[in-house]
Amino acid sequence: MSIKAGDEGPTKTLRAFFDRVAGLTDHPLHVRLLKAAGKGEPQVALEREFKKAIEEILDEA
Amino acid sequence: MRLRSLSVAGFRGFNSPRTIEFDDRLTVISAPNSHGKTSITEAFELLFYGQTSKVATADSRDEYKDSYRNRHYALEDAPYVQACCAEADGTEITFRVEIHDSGIKRFVDGGPVDAWPFEAELANAARPFVVQHALKSLLLAAPTDRFKGFARLLGLHEVDMVHQALVNLCTKPDSHLPQRAKKLLSELDLFVGRLKSIKETAPAGKALAKGSAGINDAFAKLQKRSQKLVREPLEGEELVAALVTLRNAAAAKVYSGSVKIGELSTPDQGRSSAAALRIQGFAAEETIEEYARLAAAGATDRLRNELTLLGVGLKLLEESPERCPLCRQGLDETQRAAMHARHDSLVDDLGAGPDLDLSRTQFATRLQHLVQDVEAHAQLLSSRSTELINANTPENSKKISGLIGEGHEHELFLIAAAGAAIGPHHKKLSEASTAVSLAAKVCTDAIHKKAESVAQVEELVRVTAEYLSVATAYETVVAEVEPTLEEPSRLLQAAVDVQAGTTELSLLIEVLGSRYNLGRATRIREALQSLKALRKHVDQAVGQTMEDAFSNKLTQAVMGWYRRIRTTGDPDVHFSGFSMERTKTGKFKSRRVRVAAHSYGVELASAVSSLSESKLNALGLCMSIATALGSPGPWDFIVLDDPIQSWDDDHEIQFVNVIRRLVENENRQIILMSHRDSWIDQVVMGCRSLNGRRYHIAGYSQDGPVITGGAWAGVDQRLREALGIASDLSATPVRLQHAEEELRITASQLAAEVAKLKLARSVGAHSLNKERVRAILTEAGCDAKLVDRVVATFNTTDDAHHAPKGYEPNRERIRQYHGALCDLKNWIRKS
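And the structure:
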C-alpha cells in the first residue's frame, strides 16, 4: 500500500483507454475532447471543452 | 491489508457500539435473516468506499436518503464505522468514518484526512465484497447496468464513467451548442432547402449540403449563375451589388424596402464602436478642465498685449528717450523707469506661457471631430431601423398589408409594434445628435472669439453624455425587436419576390452575402458529425478494453472457480465465458456484455436466459472471487455475504472447499456470513484445521445485534485429534505442528473456562497467551506444577504455521502436552 495522495491526471487504466481511442482517430476535436475527459469530472470537462471548441469556430476571423 | 477488527455504532442495523475481531484467515458469522449480516458488509463498504453498493446502484436515491443512520442511535452522536487493519509486516492502521450532517469525515489513526491513503488504488481495484444484490446487478440487470456492473467488477469504473460521458456528449451534442451556433446551423439548413427548391440553384444546394467539402463548389456554382443573371463577369462584393441592383429594380415595382432591422457591415461595426469610444472619451471631466484652462488663459490676453506694447515702446525709446513713441509727449527719468519696471514685472508674471493659439486650434479640432463622430455614429445606428420606420408610414403599411395577405395579422402587428417601439428612440437619437452639434458650435465660436466660458463646455459634455445614453437605449430596443421581425421580414420578401419574380435573385444575394457564416456553420456541422465517428471509436475501444479484461484470465479464472462449485450430478448446462456482444460485421455493440453458456456441447442464447438461479448465483460468486483475486488492490481479505442462497446440499459442500482454497492456496482472509447455522457448522468442520473465529448473532433488539463468540472446535475434539496425530506414525511434520497448535488452543479454551467457572470472569480464548493462561490458572488456585506443564504448550511457538528456526516435531512432547491438558480438564471437573 502506498501512503500518498491520488495522482493528478488520468490513471494508468484510463491512459491505456485513451491511447486505444487515439489509435483509432487523429481528428483534432476528438484528440482535444479525450484530453479534456482525463481531467476532472468527465461529463463536465467534456461539455466545457466541446463548447469551447465551438466558440472558437464561431469567433474565427 | 488484513482486517483485525471492525467497530460499528449507529450505522444501519447497529445501534450501540459493537466490535468484531477477525481471525487472520477465516472468520464465520452465522445469523438468521435480518439480524445485521448485511449491515456488516455495508459497514465495510461505507468505510472504504464512502457509499454502500446498495445505495450506489439504487434506482431512487431518495429512498435511501439518510438510511445510513440507525434511527435509535442518539441524535447528538455521530454514527461511525472503524476498522483496524494490519499490513503484511504487522503494522496496524485504524481507519474510521463518521457520519455527520455535513457528510462523511475520515480519520486515519485518529487524525482527520480528506481521502484514504490508498484512494488511487481503490479507483481501479475490484471491491472485495461478494454480495447478493451486486450479483443481480451483474447478471439479472438491464444491459447497460450489467455493463456498468462488469466495468466496476473489472476495475474499469473510470473507463466506464468517461465512456458514458463521451456517449452522452456524442449522442446529444446539440444541447451543448451556444445559441449563435444553433442559429448558424438553422440558417445553413434553411439556405440548403431554399437552394434545392429552385432548379437553377439546386446543384449548389446539394454541394452546400456536403459541408466543407462542397462549400467551394457551391459558391462557384452560385457565382456562375449570378454572373449569368447580371450578364457581367463580376466577383465578390461587386457581383452582390449588381444582383442587389437587379433585384431592387424588379422588386421596386412591387415594394421597395424591407421591415427588418438592418445589419451593419463588419467595417461599419468597427467604425461605430470606435466612434462610440471617442465620444465617451470626450464626455469626461478632463474635457471640462482642459476647456477651463483655455478660458482662464483668455484673461491674461490683455496683459500679454500690454507686454508686447511695452516691449515695442521701450525699443523705440532707445532711439528717442525723451518722448513717448506713441503720443510724442515728453518723458522724464521716473516715467521711463516706471515703464521698464512694468515691462520686467509682466515678463516675470507671464513668462513664456503656453501657446494659446495652438491650444485653441487643437480644442477646436477636437470639437470638429466630436461632431463628426456623433453624426456618423447616429447615422450608422439609425440606418438599422430606417427601413422599418419607412415601412410604418400609412402608405407603406397598407402596401405591406396587401402583400403579406390575410392570415398574417400577427406579423403585421409585429411590424407595427416594432415601429412604435423604435420610432421614438430613432427620433431621440437624431435630436440628441443635433444637440451635440449645436453645443459644439457654441464652444467653437467662443474659441474663435477667445471668449471661452466653462458653462459652454459643461453643457456640451452634458448633451454628449445624454447622446450616449440615448444611443444605448436605442440599441437595446433594436436588439429586443430584431428577432420579432425575422418572420415578418421573410414573409414580406417572399411576397415581393413572388410578385416581382426575384426569388432566385434574393436567395443569391443572401447566400453570397453569407459565405462567412455558412463557412462557420459547415465547420460546426462537421464537428457535430465527427462526434458520431468518435462515438464509434470509443465504443470499439471500450469493447476491446472490456474483452481484454475478460480474456486476461478473467474468463479462465471464473471458469476455474465455477468448476469447483459445480457437481458431477449437475445437468450439463453451464456458463462458458464472457465477451462483448458484436454486430454481424464484427464490431462491438455499445455497452453490451455477453455471458455465454452451453448445453451438452451446444451454445445457448445466453447464460442469463438459460442458467438456473442457483447457477447464476454460483456464476456471480465466481466472478466476484476471480476479480477480487485478479485485481491489484490494497486488500487481502474477501467478505462473502450469504453466498449459498438457493443452493442444494451438494453445492453447499463444494463451496466449503472453495473457502478453504481461498484461505490456503490464495492466501486470502475470508469473512464469511450465512443465515444457515448448519452450513456454518459444515464450513467449520471442512476448515477444521484453519482454526478460525466463529460468531453467532443470537438475537436482535433495538440496541442492535447480539453477537456471541463460539469455539471453532470443542476441547475433547481437539484433545482427541491431537493425540490421534501424535499416534499416527505417518503424520507429516506439518500435521504434528498442527497437533501442537490444537493443544495450545485447547490450553486457552480451558483457561477461559477456568476464568468463567472459578473467577466469574468472561475471557475470550483467542485473546489468551502463555502469560495470561498462567495468571488465570494461578489465581484460580491450580497447582503450580500443573500450571507449568500447561503453559509449556506455548514453549515451542505461538504460531504452528510459522515454526521457529530449529523447530522439530516431537511426538513425545505432544503426548506430554496432551497429558497436562487432560489433567487440567480433570482438575476443572473435580473442583
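Chains as they are written, first to last, in our numbering: chain L, 108 to 168; chain C, 183 to 1013.
Using N, Cα and C, we set each Cβ at its ideal position, and we do this for glycine too.
With distance defined between alpha-carbon atoms, name the residue in the options nearest to residue i.
i	options	result
D399 of chain C	C:A617, C:D831, C:G701, C:L736	C:G701
E227 of chain C	C:R748, C:R253, C:F277, C:E203	C:F277
V955 of chain C	C:R926, C:G742, C:A942	C:R926
A520 of chain C	C:A307, C:P507, C:L492	C:L492
T223 of chain C	C:F311, C:R776, C:V237, C:S1013	C:F311
D859 of chain C	C:H878, C:I841, C:G868	C:H878
A347 of chain C	L:T118, L:L131, L:F157, L:H134	L:F157
A653 of chain C	C:E924, C:T616, C:E640	C:T616
A677 of chain C	C:T914, C:V441, C:D206	C:V441
G609 of chain C	C:E641, C:S564, C:K581	First, the amino acid is wrong: residue 609 of chain C is Lys here, not Gly. Minimum Cα distance to K609 of chain C is reached at C:S564.
F837 of chain C	C:A810, C:C869, C:G812, C:P814	C:C869
R453 of chain C	C:A558, C:G892, C:E420	C:A558
P825 of chain C	C:L844, C:L803, C:L811	C:L803
Helix, strand or coil: which one does DSSP assign to residue i?
i	result
S1013 of chain C	coil
D181 of chain C	Because chain C spans 183 through 1013 in this model, residue 181 of chain C falls outside it and cannot be assessed.
K581 of chain C	helix
R413 of chain C	coil
R288 of chain C	strand
K938 of chain C	helix
E162 of chain L	helix
V313 of chain C	coil
H592 of chain C	helix
Y255 of chain C	coil
F196 of chain C	coil
K771 of chain C	strand
G396 of chain C	helix
H345 of chain C	helix
P294 of chain C	strand
I604 of chain C	helix
L204 of chain C	Correcting the residue type first, residue 204 of chain C is Phe in the shown sequence and not Leu. If DSSP states are grouped into helix, strand and coil, F204 of chain C belongs with coil.
Spell out whether any CB of chain C is found under 8 Å from the CB atom of residue i.
i	result
K158 of chain L	yes
R127 of chain L	yes
M108 of chain L	For M108 of chain L, the pLDDT reaches just 31, beneath the cut-off of 50, and the residue's location in the model is therefore unreliable, although a value from the coordinates is still provided. Yes, because at least one Cβ of chain C sits closer than 8 Å to the Cβ of M108 of chain L.
Q150 of chain L	yes
H137 of chain L	yes
Any C-beta of chain L sitting closer than 8 Å to the C-beta of residue i?
i	result
A305 of chain C	yes
M855 of chain C	no
H983 of chain C	Because H983 of chain C sits at a pLDDT of 49, beneath the cut-off of 50, its placement in the model cannot be relied upon, and the point is left open.
T727 of chain C	yes
Q361 of chain C	no
P449 of chain C	no
R184 of chain C	no
L351 of chain C	yes
Q851 of chain C	no
V720 of chain C	yes
I706 of chain C	yes
L338 of chain C	yes
M762 of chain C	no
S712 of chain C	yes
P814 of chain C	no
H756 of chain C	no
V344 of chain C	yes
A709 of chain C	yes
R453 of chain C	no
With residue i and residue j assumed to form a contact (beta carbons below 8 Å), what rounded beta-carbon distance in angstroms separates them?
i	j	result
A682 of chain C	A466 of chain C	Not a contact, Cβ separation roughly 51 Å.
A789 of chain C	F757 of chain C	5 Å
V972 of chain C	L1006 of chain C	5 Å
Under the DSSP definition of a beta bridge, which residues are partnered with residue i?
i	result
M855 of chain C	C:I211, C:D823
A191 of chain C	C:Y262
I275 of chain C	C:C267
L185 of chain C	C:C267
Y877 of chain C	C:I211, C:G891
Y231 of chain C	BP columns for Y231 of chain C are empty, so no partner.
S781 of chain C	C:V755, C:V784
R697 of chain C	According to DSSP, which records beta bridges pairwise, R697 of chain C is partnered with nothing at all.
R505 of chain C	C:G512
H282 of chain C	C:G285
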